[in-house]
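Written below as structure tokens is the structure these notes are about.
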Amino acid sequence: MWATPARLQAKGVIGMNRRNIRYIGRYNDRRLYPLVDDKLQTKLLAKHHGITTPDLIGTVSTQFDVKHVVEMVKDAPGFVIKPAKGSGGKGILVVERQQDGGYVKPSGARIERVDLERHVSNILSGLYSLGGTPDVAVIESLIAFDEVFAAYTYEGVPDIRVIIFRGYPVMAMMRLSTAASDGKANLHQGAVGVGLDITTGAALRGVQFNRPREDHPDTGHGLASLYVPGWDALLHLAASCYEMTGLGYLGTDMVLDRHHGPMLLELNARPGLAIQMANGEGLRRRLDLIEKQAETRSVEARVAFAQRHFAREGELASSA
């Protein structure tokens, strides 16, 4: 399962040092980081640019206001509470429904008002934020994820990560929650990563815990049949985040809502590198090609270029 550095280099796999120095350091102006490190700023910026995100129910910024959170969510069938400056899915609380004065999570576990208020209080204290700094709790409406993915996920909403370089979509994957990941779409916690063909949005390859995977570990459903409907619209949304933020190397995290289509969840100025493993291909060749392209192309032209040059045949299709 191990590969030598020479073999990884031959496959075009980039590591953290190259990512940080060659791409993030060169193409991401640090003064723009707050636009993506703060989920509330990202949401407000997206709204200004006409990019769809989950509806904002409210925010809590002081310990005094924690007692008002129950009133804020009283009319919401389901909701999500997250830290504005959190990372890696930490501190995200998903409530699927309210029942008999309590709150039911996707797992079926029930929490009470005191648990809800404690969680918000912990967010404000910086328990989940970058650097442990005081934070703001963001309360959003629950995503009604497209049921086309129901067989591919466990107690969570699958999301789609697209790496955008100089406005071009270069690589994509879907992250599927599992029992091991506690219903979260986090690869490090045990979610399944599925590489997606930039041209069609169809599954290429699956991995879990850094090993190949051909089905979902909890539902048993094969990954070869997975594809993302409305793929072109999703890619255009992702690519337009370049103009929205001014960041040249960017990870866009999106979901497919059954009512609103592609929606932006959050952005990342330092996207991880596991997407290469999910795709079975390194980023370097694609990034090198994009560096040779003009920056003046439209969103539509950039997406068309990526779909023309980065097409792939899946490894799953031949074994399904």
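In UniProt numbering, the protein residues as written are 1 to 320.
The beta-carbon is built from N, C-alpha and C at its ideal position, and this holds for glycine as well.
On a predicted model such as this, the values are computed, not experimentally measured, just so you know.
CB-CB under 6 Å to residue i, same chain, minus the five flanking residues each way: which ones, in chain order?
i	result
Leu93	Ile81, His119
Pro217	Thr178
Ala151	Thr219, His221
Val104	Glu96, Arg97, Arg110
Val138	Lys39, Leu40, Thr59, Lys82, Ala84
Pro134	Gly126
Ser61	Val136
Buried or exposed: where does residue i fall if 16 or more other Cβ atoms within 10 Å of its Cβ makes it buried?
i	result
Phe79	buried
Thr53	buried
Asn28	buried
Arg258	exposed
Tyr38	Note that residue 38 is Asp in the sequence shown here, rather than Tyr. Asp38 should be labelled buried.
Val192	buried
Glu281	buried
Val194	buried
Met16	exposed
Arg308	exposed
residue 321	Since the first residue of the chain shown is 1 and the last is 320, residue 321 is not available in this structure.
Phe149	buried
Arg302	buried
residue 325	No answer is possible for residue 325: it lies beyond the span of the chain, which begins at 1 and ends at 320.
Ala278	buried
Ala10	exposed
For residue i, I'd like the list of residues in its chain whose CB is within less than 7 Å of its CB, leaving aside the five on either flank, ordered along the chain.
i	result
Ala172	Ile160, Arg161, Val162, Leu196, Ile198
Leu87	The identity of residue 87 in the sequence shown is Ser, whereas the question assumes Leu. Closer than 7 Å at Cβ, skipping near neighbours: Leu130.
Lys43	Thr53, Leu56
Gly156	Pro106, Ser177, Gly183, Lys184, Ala185
Gln41	Pro34, Leu35
Ser141	Pro54, Asp55, Ile57, Ala76, Phe79
Thr153	Leu176, Ser177
Ala238	Val162, Ile164, Pro169, Thr252, Met254
Gln276	Val13, Gly282, Leu283
In its own chain, which residues sit with a C-beta less than 8 Å from the C-beta of residue i, not counting the 5 before and 5 after it?
i	result
Ser319	Its pLDDT being 44, under 50, Ser319 is placed unreliably in this model, and the coordinates cannot settle the point.
Ser240	His49, Ile51, Val299
Gly89	Lys184, Ala185, Asn186, Gln189
Asp146	Pro229, Leu256, Asp257, Arg258
Glu295	Arg166, Gly167
Phe305	Tyr168, Gln293, Arg297
Report yes if the C-beta distance between residue i and residue j is below 8 Å; otherwise report no.
i	j	result
Leu267	Val228	no
Asn286	Val136	Per the sequence shown, residue 286 should be read as Arg rather than Asn. Not a contact, by the Cβ cut-off of 8 Å.
Ser125	Val66	no
Arg312	Gly12	no
Met254	Met263	yes
Leu289	Leu204	no
Pro83	Ile24	no
Gly102	Tyr128	no
Val73	Glu117	no
Ala233	Gly261	yes
Met174	Leu226	yes
Are there any heavy atoms of the ligand PLP lying less than 7 Å away from the beta-carbon of residue i, as far as the coordinates show?
i	result
Lys105	The model depicted lacks the ligand PLP and carries no ligand whatsoever.
With a cut-off of 8 Å, do at least 3 Cβ pairs link the region 151 to 168 to the region 242 to 260? yes
Beta strand (DSSP E) runs wholly inside the region 241 to 266, at least 3 long, in chain order: 249 to 257
Going along the chain, which unbroken runs of the alpha helix (DSSP H) with 4 or more residues stay wholly within the region 180 to 252? 231 to 245
Decide if the region 260 to 277 is in contact with the region 5 to 23; the criterion is three or more beta carbon pairs, one per stretch, under 8 Å apart. yes
Any chance you could list the alpha helix (DSSP H) runs of at least 4 consecutive residues sitting entirely within the region 66 to 134, in chain order? 69 to 73, 113 to 124
Should the region 111 to 118 be regarded as contacting the region 204 to 213, the criterion being three or more beta carbon pairs within less than 8 Å? no
At 4 residues or longer, what runs of the alpha helix (DSSP H) sit wholly inside the region 7 to 58? Secondary structure remark: continuous alpha helix (DSSP H) runs of at least 4 residues inside the region 7 to 58, in chain order: 34 to 37, 39 to 48.
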